[in-house]
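In my numbering, the protein residues as written are 398 to 796.
Take a look at the structure:
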């Protein structure tokens with residue numbers, strides 16, 4: 398994050414003595430990116446943050462992937478992965494099911510009503526899109542409230558837990574990076590301020606409003622990290638609760654951004670996907686499509702033209718509204734379309750013509766474009782609509 402925030406009790410100058418009312422020193426922790434050369438925050442702990450009393454294996458849910466081979470577009474129906482009788486026993490951390498992944502990014506989905514264990518991802522930042530439901534996200538920086546439509550950005554190695562609340566379970570679409578996730582550089586000044594042409598700005602980002610302190614001893618934290626060239630899990634036990642931060646200041650912290658605060662960029666002719674970009678990571682981007690006025694040239698065709706993303710796989714998660722370009726394909730809320738590099742894709746038959754004269758699209762979707770091929774996780778293999786690949790031609794290999 399580019400701009401400075403400060404919460405709680407911090408000393409007037411960094412790296413100096415900071416004591417409680419009894420004269421006991423607080424322990425300063427620098428959480429920073431890129432080896433002391435990028436954004437960071439200083440956190441002040443009551444206890445030594447390095448102290449652990451146990452470390453054992455945490456067996457992650459199935460992380461294996463299968464290549465998209467032979468090459469074809471796919472439709473994945475995520476709402477078929479979780480059932481009501483399982484929600485109460487599922488949490489956002491251990492219950493997520495891997496949908497797609499490569500060395501740069503992994504996409505998972507979960508429906509959960511149970512509070513999660515304490516957790517941190519030491520592989521990269523996470524962006525969690527809340528499809529529906531509500532939750533409190535307790536973090537070492539403070540608590541965040543997450544609602545439908547929120548992106549929750551959690552920095553690498555920030556300890557946190559998810560606590561769903563309300564009558565409905567939390568449906569979460571999880572994007573895990575192997576590195577960092579940030580607003581696109583073209584939206585920012587050389588000093589890090591959002592520029593006037595950016596579709597959102599600092600006022601739309603909501604960080605913690607106060608510190609969140611918890612008590613406890615022998616507290617477990619699940620840590621996702623790399624070992625032996627793969628992603629693994631470790632269960633660490635801390636003698637004191639890691640939520641012991643009395644204050645912090647810096648430019649690195651978790652925050653929420655609601656998709657409805659994204660101001661769409663429109664034009665006389667169809668705007669390409671970069672106009673919808675909201676975040677970028679290493680070798681991938683995140684875009685969102687929101688309700689908007691569409692192309693107003695008198696000869697415009699508002700739905701997307703057919704396109705071959707020769708360098709990219711295009712993954713679109715449909716999470717609300719009506720999808721004019723996909724009518725007749727079976728795609729609806731809770732669907733993912735997988736359009737891989739090497740395949741020209743676009744609107745379903747008839748949508749191209751029907752869109753002429755349309756002035757407004759009421760659609761909500763989150764898109765991830767990757768610059769290396771994605772493979773299919775066990776979740777994808779469990780919820781695929783096998784007929785989708787043939788939906789443009791109207792016939793498949795068996796007809």
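In this text, a Cβ means the ideal position worked out from N, Cα and C, and glycines have one as well. Just so you know, these numbers come straight off a predicted model, no measurement behind them.
- Task: Kindly indicate which three-state DSSP category residue 519 falls into: helix, strand or coil?
- Result: If DSSP states are grouped into helix, strand and coil, residue 519 belongs with coil.
- Would you mind reading off the limits of the beta strand (DSSP E) that contains residue 632? That run of the beta strand (DSSP E) goes 627-637.
- Query: Is the stretch 520-536 touching the stretch 568-581, taking contact as three or more C-beta pairs under 8 Å?
  - Reply: yes
- Message: Let me check one thing: in DSSP terms, what residues is residue 370 bridge-paired to?
- Response: It is not possible to answer for residue 370, since the shown part of the chain is limited to 398 through 796.
- Message: Less than 7 Å between C-beta atoms, sequence neighbours within five positions excluded: which residues of the same chain meet that for residue 728?
- Response: 472, 715, 720, 734
- Query: To which residues of the same chain is residue 422 closer than 6 Å at the C-beta, ignoring the five residues directly before and after it?
  - Reply: 416
- Item | Simplified DSSP state of residue 509, which is helix, strand or coil | strand
- Task: Given a cut-off of 7 Å, decide if residue 539 and residue 561 are closer than it, judged by their beta-carbon atoms.
- Result: no
- Cβ pair residue 525, residue 555 closer than 7 Å: no
- Message: DSSP three-state label for residue 724, please.
- Response: coil
- Message: In whole angstroms, give me the CA-to-CA distance for residue 781 and residue 773.
- Response: 10 Å
- the stretch 475-494 touching the stretch 504-512, judged by at least three CB pairs closer than 8 Å: yes
- Item | N-terminal and C-terminal residue of the beta strand (DSSP E) that residue 541 is part of | 539-543
- Query: Nearest CA to the CA of residue 494: which residue from 460, 469, 701?
  - Reply: Answer by Cα proximity: 460.
- Beta-carbon spacing of residue 548, residue 654 below 7 Å: The criterion of a C-beta distance shorter than 7 Å is satisfied by residue 548 and residue 654.
- Message: Could you check whether the stretch 682-690 touches the stretch 624-631, counting it as contact only if at least three pairs of C-beta atoms, one from each stretch, sit closer than 8 Å?
- Response: no
- At least three beta-carbon pairs within less than 8 Å, the stretch 482-490 to the stretch 452-466: no
- If you run the structure through DSSP and keep just helix, strand and coil, what is residue 671? Helix.
- Message: Just list the residues that DSSP pairs residue 603 with in beta bridges.
- Response: DSSP output for residue 603 lists 653 as bridge partner(s).
- Message: Please classify residue 468 as buried or exposed, where buried requires at least 16 other C-beta atoms within 10 Å of its C-beta.
- Response: Exposed: under 16 other Cβ atoms inside 10 Å.
- Query: For residue 777, which three-state DSSP category applies?
  - Reply: Helix, per DSSP.
- Item | contact_flag[the stretch 636-651, the stretch 442-453] where n(CB pairs < 8 Å) is 3 or more | yes
- Item | Beta-carbon proximity list for residue 563, same chain, < 7 Å, skipping 5 on both sides | Result list for residue 563: 530, 531, in chain order.
- Task: Tell me, to the nearest whole angstrom, how far the beta carbon of residue 558 is from that of residue 514; I am working on the premise that it is less than 8 Å.
- Result: 6 Å
- So, helix, strand or coil for residue 585, using DSSP? strand
- DSSP beta-bridge partners for residue 559? 534
- Task: For residue 751, name the three-state secondary structure that DSSP assigns.
- Result: helix
- residue 405 CB to nearest heavy atom of the ligand SAH below 6 Å: Only the bare structure without any ligand can be found here, which leaves the ligand SAH out of the picture.
- Task: Work out the CA separation of residue 537 and residue 618 for me, nearest whole Å.
- Result: 12 Å
- Query: Would you report the Cα separation of residue 749 and residue 700, rounded to the nearest angstrom?
  - Reply: 6 Å
- By Cβ distance, which residues of its chain are closer than 7 Å to residue 680, with the 5 residues on each side in sequence left out? 501, 767, 768, 769
- Item | Per-residue DSSP class, three states only, for residue 702 | coil
- Option nearest residue 362 by Cα separation, candidates 551, 739, 725: Since the first residue shown for the chain is 398 and the last is 796, residue 362 is missing from the structure and cannot be characterised.
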